[in-house]
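2 protein chains.
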Amino acid sequence: MSNGVNARDVAKLAGVSQSSVSRVFFGGASVSEKTRQKVLAAAEELGYSPNEFARSLITNKTRIIGLVMKGVKNPFYPLVLKEFTTHFKKIGYSILFVHTNNDEIQKEDVVTLLNYNVAGVIITDATLSLKVTEDLKKNNIPLVLFNRKVEGQEFFTVGTNNLAASRKIAEYLIQKGCSDMVYISGERNTSTSIEREEGFSEVLEKNQLPFQRYDSDYSYEGGYRTAKTVIHKGKIPSAFFVANDIMALGVLDALRENSINVPADTKVVGFDNIDMAGWPVYNLTTWEQPISEMVEETVKYILAEIEEYTGTTGNIEIKGQLIERKTT
Amino acid sequence: MSNGVNARDVAKLAGVSQSSVSRVFFGGASVSEKTRQKVLAAAEELGYSPNEFARSLITNKTRIIGLVMKGVKNPFYPLVLKEFTTHFKKIGYSILFVHTNNDEIQKEDVVTLLNYNVAGVIITDATLSLKVTEDLKKNNIPLVLFNRKVEGQEFFTVGTNNLAASRKIAEYLIQKGCSDMVYISGERNTSTSIEREEGFSEVLEKNQLPFQRYDSDYSYEGGYRTAKTVIHKGKIPSAFFVANDIMALGVLDALRENSINVPADTKVVGFDNIDMAGWPVYNLTTWEQPISEMVEETVKYILAEIEEYTGTTGNIEIKGQLIERKTT
DNA sequence: CTGAAAGCGCTTACAG
DNA sequence: CTGAAAGCGCTTACAG
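Following this line, the structure appears as C-alpha cells:
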C-alpha cells in the first residue's frame, strides 16, 4: 500500500479491470480514451500512484541510479550530484546516494546497490575493486566512472581531456615566462593526477624546462600544507600547477600568508573551475571542467545501456577551457 | 531477479524450503543452527542477497530515507548530506536524494517519495507546502524539518537554538565595543533568518543600540553584493552580523576590496562554522552548528517513528557555540 | 481494446 | 523448527 490505495481500488471506482488501470499508468499500452479518462479520474479522486516496488518486481527494472561519491568537501562534487539529480529527474529517474567514507567503495555499498537492483551506477571519486565491477557486470548494470579512469581495466568513463588540458596549461605558463615550476598532485593513484602531470611534464620536457612534483591529496588543507613545504625550502618556483582548485586555494592562502605576491612573484593555475575560483580574494586561473556536458554524456550512455545492455567501454573526454583570471 | 538468483534457488541448493531461506535472511525468526548454516553456505555460493523490492512489497516498509535539499553551493548542506548518509548506512538505511531547483519542494518530488514508499523524509533548506505535509502524514511517513521551522504549522524540527545563539552574538559584539551594527539576513521567509534577527535585535534594543537590517539570500554573491550596498552608503557600521557563513565570506571579500580593515574598522560574525570559515584568508568568527548532534537527533526521531508512528511534533534545539577567530 | 489469470521474489500466519 | 500456501501490488502474455 504505497499510497494506501492500489490499482484494484481505482479499478473498482472506475468500473474497469485492474489490468486497465495498469495499462493507463504504464506507458505504451493500448487503452481507449474513454477508459483512460475514467481511470485517471478515479485515480485522481483516490490519490493513486503506482507502487514502484511492485512494478520493479515485475519488470525487473528500476528507475533508480546509484551515485557513489567520496568527497563532499570539494565543491566540485556536490555540483556534480546536483546536475545528475536534475538530469535524471527529468526522465523519471531517482538518485540513490551512496557515500563511501573509505577511498574504496565497500562491499556493503555494492550489496545495497544490487539489492535495490539499480538501473545504473555512477562512480565519481571513490575507487573501486575488480570485484565490484564484476558484480555489476554480472547483473548487466551499466557503470560509468565519472572524472576518473582505472588502469588496466576497461570501463566506460567520462571526463575532461586531462592530457590536452595540462599541455595547454604548460604552454600557457611557458608563454608567460615561467621556467622552474611545481606540480602539486592529488592522491597519486588517481588518473586525474597522473594524466595532468603527464601532459604538463611532456611539454616542459620538450622545452627542456625542469619541474618538481609534490604529492598532496586534493584537499584545501593538503594544498596549503604542500605549499608551505615548498615555501620553506626557500626557493619560490615561477609557477604552481595545482591538480585541482580546492588545493590551489590552499596554495594561494599559504603564499599570501608568506607575503608572496601572486602573480608577481609566482603564478598559480588550478583545475575544475569551482565557484570559489572566481571569488575576488582568489581570482584563480584554472581549467574549466564542463560539468553539465560531462553529465549529459553520462546520462546518454546509461540510458542507452538500460535500453539495451552492451557493456560497451570507452573514454569520453570533454575538452573544457582555460579560464584566465588574476593568478597568472 | 535482483541478483540473478532468488530464494528458491538457494533453497534448492541448501535442501530446505524457500521459507527457511527467508527466515535466515529476515531477522527475528527461529531457525535451527544447522539450517542456517546450510542456507548461508548456499547463499554464499550463489551470491544471493534478498530483493529489497519484494521484501518491501510484503512488509510495506522500506529502508529508504528521502532527503530533500535545495542548495548545494553552501558547503553546510553537502556536509549534512554526508552525515545523514553515514549515519543511516550504519543501520541499514539508504538515502534517496531529492534535489529541488525551486525553493519549494515540487509535487513530483513528493510523488517520487511516495512511490518509493520511503520510511522517512528529511527536508533541509527547501520550503514545503501544506499539501506535501498532508500527503506524508496520510501515509504515516515521519517527517523532519532540518535546520528549519515553519510558521503556524506543527512539525518535528531539529536545529540550532537560533535565539540563544544570536543573543549571545549580540552581547559579544556589544562587549567588543560595537554600537551601530548591521544584520544581513538570508531569504526573509526562512525561520533561521527571522530567529537570528530576533535574538540579535532583542539584545540591541535592550541596550538601546540601533541596528539596520539588509535582506540578502544566503549565498556568497548575495553577501558580497549586500556588503557593497552598505559600503556605498558611506558609513561603515561597527559590526556585521551575517545570517550564515557563506554570505559572511562574501561580506569579508567586499570589505577587503574596499580596503576596510577587519577587525580594526569593522567586525564580522557569521553562522554555521563551515570549513571555509577557518581558512586563513577568512578566519571568520562564527557560531558553530553542531551538525553531527543535529543529525543524531533526527535519526533517533525517525527511527522511533518508523518503529511506531505517532506523528509527534516538537522542536529540538541544539545549543552550538561561538567560535572566536580574527574577524572580531 | 479489455478482462481473467499467472507470476515477479519475497514474508508470514497456519499447521504440523 | 519447518514446509506449503496465501498474498503484497503490480505487468503482461493470452483469449476474446
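First to last, the protein sequences are chains A and B. Under our numbering, the final residue of the first sequence carries the number 328; numbering is consecutive throughout. Under our numbering, the final residue of the second sequence carries the number 1328; numbering is consecutive throughout. Ideal Cβ placement from N, Cα and C applies to all residues, glycine included.
Is any beta-carbon of chain B found at less than 7 angstroms from that of residue i?
i	result
Lys38 of chain A	no
Tyr333 of chain A	Since the first and last residues shown for chain A are 1 and 328, residue 333 of chain A lies out of range.
Ser238 of chain A	no
Thr327 of chain A	no
Note down, in chain order, every chain A residue with its Cβ under 7 angstroms from the Cβ of residue i.
i	result
Ser1259 of chain B	None at all; the shortest Cβ gap to chain A is about 13 angstroms.
Pro1280 of chain B	Asp253, Glu257
Asn1101 of chain B	Thr86
Please list, in chain order, the chain B residues whose beta carbon lies closer than 8 angstroms to that of residue i.
i	result
His232 of chain A	Near His232 of chain A there are no residues of chain B at all, since even the closest Cβ is about 16 angstroms away, more than 8 angstroms.
Gly4 of chain A	Lys1138, Asn1139
What does a CB cutoff of less than 6 angstroms around residue i pick up in its chain, not counting 5 residues either side in sequence?
i	result
Tyr1309 of chain B	Asn1140
Ser56 of chain A	Thr62
Arg1148 of chain B	Ser1191
Ser1020 of chain B	Thr1035
Gln289 of chain A	Thr160, Asp272, Gly320
Gly199 of chain A	Leu163, Ser166, Arg167
What residues from chain B crowd round residue i, counting only those whose CB sits closer than 7 angstroms?
i	result
Ala54 of chain A	Leu1057
Lys73 of chain A	Asp1275
Could you work out which residues of chain A lie near residue i, taking near to mean beta carbons separated by less than 8 angstroms?
i	result
Pro1050 of chain B	Asn115
Val1111 of chain B	Ser49
Do we get a CB-CB distance below 7 angstroms when we pair residue i with the residues of chain A?
i	result
Ala1007 of chain B	no
Met1001 of chain B	Its pLDDT being 36, under 50, Met1001 of chain B is placed unreliably in this model, and the coordinates cannot settle the point.
Apart from the five residues just before and just after residue i, which ones in its own chain have a Cβ nearer than 8 angstroms to its Cβ?
i	result
Tyr214 of chain A	Val182, Tyr183, Ile184, Ser185, Thr226, Thr229, Val230
Thr313 of chain A	Glu154, Phe155, Phe156
Ser1017 of chain B	Ala1011
Lys137 of chain A	Leu143, Gly311
Gly92 of chain A	Arg63
Just to confirm my understanding: we take residue i, look at its own chain, exclude 5 residues before and 5 after, and list those with CB closer than 7 angstroms. What are they?
i	result
Met1001 of chain B	No answer about Met1001 of chain B holds up, because its pLDDT of 36 lies below 50 and its placement is not dependable.
Glu1221 of chain B	Gly1250
Asn117 of chain A	Ser56, Thr62
Asp1025 of chain B	A small fix is needed here, since residue 1025 of chain B is Phe in this sequence, not Asp. Counting only Cβ-Cβ distances below 7 angstroms, and skipping sequence neighbours, we find Pro1050.
Ser1216 of chain B	Ile1184, Ser1185, Gly1186, Gly1222, Gly1223, Thr1226, Met1247
Val1158 of chain B	Val1144, Phe1146, Met1294, Glu1297, Thr1298, Ile1316
Asn1258 of chain B	Ile1231
Check your understanding: Is there contact here, the stretch 173-183 of chain A with the stretch 1011-1019 of chain B, by at least three beta-carbon pairs under 8 angstroms?
Key -> no
Practice item. Output, in sequence order along the chain, the residues in the stretch 1065-1099 of chain B whose CB is closer than 7 angstroms to any CB in chain A. Key: Val1072, Lys1073, Pro1075, Pro1078, Leu1079, Leu1081, Lys1082, Thr1085, Thr1086, Ser1094, Ile1095, Leu1096, Phe1097, His1099
**Study point:** Three CB pairs or more closer than 8 angstroms across the stretch 1131-1139 of chain B and the stretch 1073-1081 of chain B
**Key:** no
Check your understanding: Which residues, in chain order, does the stretch 300-320 of chain A contribute to contact with chain B at a C-beta distance below 9 angstroms?
Key -> Going along the stretch 300-320 of chain A in chain order, one finds no residue with a Cβ nearer than 9 angstroms to chain B.
Exercise for review: Pull out every residue of the stretch 1188-1221 of chain B whose Cβ sits closer than 8 angstroms to any Cβ of chain A, in chain order.
Suggested key: Residues Tyr1220.
Practice item. Evaluate contact between the stretch 184-191 of chain A and the stretch 289-300 of chain A, counting only Cβ atoms and requiring at least three cross-stretch pairs below 8 angstroms. Key: no
Point to revise | Residues, ordered as in the chain, of the stretch 1137-1164 of chain B that lie near chain A by beta-carbon distance below 8 angstroms | key: Lys1138, Asn1139
Exercise for review: Specify whether the stretch 246-266 of chain A and the stretch 191-209 of chain A touch according to this definition: at least 3 beta carbon pairs, one from each stretch, less than 8 angstroms apart.
Suggested key: Below 8 angstroms, too few C-beta pairs join the stretch 246-266 of chain A and the stretch 191-209 of chain A to call them touching: fewer than three.
Point to revise | Touching by the beta-carbon criterion (3+ pairs, under 8 angstroms), the stretch 1027-1041 of chain B and the stretch 97-106 of chain A | key: no
Exercise for review: Examine the Cβ distances between the stretch 315-325 of chain A and the stretch 164-171 of chain A and report whether three or more of them are shorter than 8 angstroms.
Suggested key: Contact holds: three or more Cβ-Cβ distances are below 8 angstroms.
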